[in-house]
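Chains as they are written, first to last, in the working numbering: chain C, 494 to 817; chain Z, 8 to 341.
Cβ coordinates follow ideal geometry from the N, Cα and C atoms, glycine included.
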Ligand SMILES: Nc1ncnc2c1ncn2[C@@H]1O[C@H](COP(=O)(O)OP(=O)(O)OP(=O)(O)O)[C@@H](O)[C@H]1O
Ligand code: SF4
Ligand SMILES: [Mg+2]
């Protein structure tokens, strides 16, 4: 098993290298750089001033050299300086990444804690009123866009009832002087609405997937064998059927983790939640190449990690998948 | 040979009806037979004639939508009248079942040793180590080499033949009185088929387990069975000892089945093919003889409305009115 993980990690290295090349040069291809901005702000800037700015961001060097410099920095955790904020990209995105991660994880937890029971019970009582209600719920979550649900949640639970904060990821005064517990509490309080919005809407796949798997497994021969053994229906359902039905879900878990970041833009924007989703869009609009590059690189690494996690999960839960 | 033997299970007027588009259709229609102590009772018939439906009815494995009538008498009780819980306790303990597909009959995520152990956990109060020992004994019994290694294997790591041995071990685990093997060798290679069949037969002899062997391979029947029932469209059309059936077949269906076995005697001749197909459940004509559509040359004047299963000689039953007059050679010319 360790060998397998190690081998997979080694395979990832060349992939990462390729990703870094693609990411760097596509970001390079984006139009605009800080010297242009400077020019737009101060059309009277001298050539020397422009040159100086270019020098500061290594823009005067040939592309290959810039790539090597960037790669060296990145390996040391230095993603360069933001054009617009003039500070380290790594510092800028650290807090936001954490926020997005926190939001994503919470919505995953919500998704699974709603999706799994609904899927399991709608399959168990296939065709019942409950099953049909869940089907209706699925149509609802599938057809309601996240910005609609988000705005409704925000309006009702945020403004009308006033139960939850309507923006931010943590109370600023708690952030400055609260205890660890208070900080966590405040973060959870702020994350609930956006996490529910994202979580509820992503339950559809998990419910349908699980329900189909369970119904498929119910008719499998090994279930008949278990009945022929005299096994009780409850144990047949809870062990034989469910175990086999959860298998494919655990294998896509890794990709859900990647999806957290990809899908966060809309939710974060509606709830003014300071995550990387909205920040990423802003950075593109501002032509802030170092931030864009840093975030894309980060998301690519996550994608690779997600598939690695999926592979590890498959290997550890499914004995049929061979690791050598 | 049957008179001096004890009846283990007595099946009377058993019918099994599946629900199709709101109505029930009988896939097993009024089946009656006795299963004797320690005998190998074969059930043969074309695909779709209701063999599996019958087996699952005896095991109590159909779901609730399936309507089962008649009685299955075992130890002075009618299994068909039992509640689900009583029935469950009999499965795996008194009645074991061997399925057709060893590839799918085992849970792919559970080690085979555990799957055998599961039966012991359900029906016995053995300690864990006793169960483990029993599992190893069972593997010995079904002829699995390297048992210590095999118990820890997952189904996909074993060959089809080995998996079928595991399925047999599961069926045998609690020393059942009755084993029902539904085409246990169909999915296996020819060489393995013979081994598995021999194994089932040897275990039956050793433990005196009454065995119902379902197959459509008459060669298999000739080899191991004591008695045979030939099924057609949900009914038993002929039943008797192996000698009755092979040496003195009476029902035209049995005769044509026997003629359609490839063997060395008629190597050069064209294989006999029975005209037509088994009608699907909804399309069975339930009045008159069900086989009449597929044979020509019978004399309608001597037909009774619905041919009854009659004992034409001791232990030999036939559901055909004109078996005496019937001549299959002649029928082909017509
Ligand atoms: N669950 C079911 N619902 C409806 N019809 C069924 C069901 N199971 C079996 N049948 C029908 O009942 C009839 C008998 O089926 P059965 O499986 O008992 O045949 P069989 O003799 O075992 O055939 P084979 O040799 O192919 O296994 C067939 O016409 C089949 O289509
Ligand atoms: S009863 Fe008549 S129709 Fe039926 S099998 Fe016998 S001869 Fe054929
Ligand atoms: Mg069958």
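| Query | Result |
| --- | --- |
| Residues that residue 234 of chain Z bridges to, as DSSP identifies them | Z:48 and Z:248 |
| Sheet register partners of residue 460 of chain C (DSSP bridge) | Coverage of chain C is limited to positions 494 through 817, which leaves residue 460 of chain C absent and any answer about it impossible. |
| The region 735-742 of chain C touching the region 673-685 of chain C, judged by at least three CB pairs closer than 8 Å | no |
| Rounded straight-line distance, which links the Cα of residue 248 of chain Z to that of residue 65 of chain Z | 22 Å |
| Nearest-angstrom beta carbon gap, residue 188 of chain Z and residue 151 of chain Z [assumed within contact, 8 Å] | Contact flag wrong, Cβ pair sits at about 18 Å. |
| Cβ neighbour criterion (16 or more within 10 Å) applied to residue 776 of chain C | buried |
| Within 8 Å, strictly: CB atoms of residue 520 of chain C and residue 789 of chain C | yes |
| Within chain A, partners of residue 161 of chain Z - CB distance below 8 Å | Among the protein chains of the structure shown, namely C and Z, there is no chain A. |
| Cβ-based neighbour list, residue 60 of chain Z, same chain, cut-off 7 Å, excluding 5 preceding and 5 following | 23, 34 and 35 |
| Three-state secondary structure (DSSP) of residue 202 of chain Z | helix |
| Reduced DSSP category for residue 690 of chain C - H, G, I as helix; E, B as strand; rest coil | helix |
| Residue 258 of chain Z: CB within 7 Å of a non-hydrogen atom of ligand 2 | yes |
| Exposed unless 16 or more other CB atoms sit within 10 angstroms - verdict on residue 563 of chain C | buried |
| Three-way DSSP call (helix, strand, coil) for residue 102 of chain Z in this model | strand |
| Supposed contact pair residue 193 of chain Z and residue 203 of chain Z - C-beta distance, whole angstroms, cut 8 Å | Rounded, the Cβ-Cβ distance is 10 Å, inconsistent with contact. |
| The region 89-101 of chain Z / the region 206-217 of chain Z touching (three or more Cβ pairs under 8 Å) | no |
| Heavy atom of ligand 3 within 7 Å of residue 148 of chain Z beta-carbon | no |
| At least three beta-carbon pairs within less than 8 Å, the region 579-586 of chain C to the region 652-670 of chain C | no |
| Closer than 5 Å to ligand 1: residues, by C-beta to nearest heavy atom, in chain order | Z:25, Z:34, Z:54, Z:55, Z:56, Z:57, Z:58, Z:59, Z:60 and Z:288 |
| Outcome for residue 297 of chain Z when other beta-carbon atoms lying within 10 angstroms are tallied against a minimum of 16 | buried |
| Between the CA atoms of residue 501 of chain C and residue 713 of chain C - distance to the nearest angstrom | 33 Å |
| According to DSSP, residues forming a beta bridge with residue 142 of chain Z | In the DSSP output, where bridge partners are listed per residue, residue 142 of chain Z has none listed. |
| Residue 225 of chain Z burial status per 10 Å Cβ neighbour count (16 or more: buried) | buried |
| Chain-ordered residues of the region 112-127 of chain Z with a beta carbon less than 7 Å from chain C | 112, 113, 114, 115, 116, 125 and 126 |
| Selected residue, minimal CA-CA separation from residue 577 of chain C, among C:772, C:715, C:812 and C:793 | C:772 |
| Nearest candidate by alpha-carbon position, reference residue 549 of chain C, set C:748, C:750, C:510 and C:575 | C:575 |
| Simplified DSSP assignment, three categories, for residue 791 of chain C | helix |
| Where residue 99 of chain Z meets chain C, residues with beta-carbon distance less than 8 Å | 721, 722, 723 and 724 |
| Per DSSP, the bridge partner or partners of residue 80 of chain Z | Z:17 and Z:85 |
| C-alpha distance - residue 637 of chain C paired with residue 803 of chain C, whole-angstrom precision | 29 Å |
| Per-residue contacts from residue 108 of chain Z into chain C (C-beta, under 8 Å) | 714 |
| Residue 168 of chain Z versus residue 196 of chain Z - alpha carbon distance | 8 Å |
| Beta carbon of residue 553 of chain C nearer than 8 Å to that of residue 544 of chain C | yes |
| Assigned secondary structure, residue 188 of chain Z (DSSP; H/G/I helix, E/B strand, else coil) | strand |
| Near-chain Z residues of the region 685-719 of chain C - C-beta to any C-beta below 9 Å | 713, 714, 715, 716, 717, 718 and 719 |
| Neighbourhood of residue 183 of chain Z by C-beta, 7 Å cutoff - its chain only, sequence neighbours within 5 removed | 100, 101, 102, 103 and 216 |
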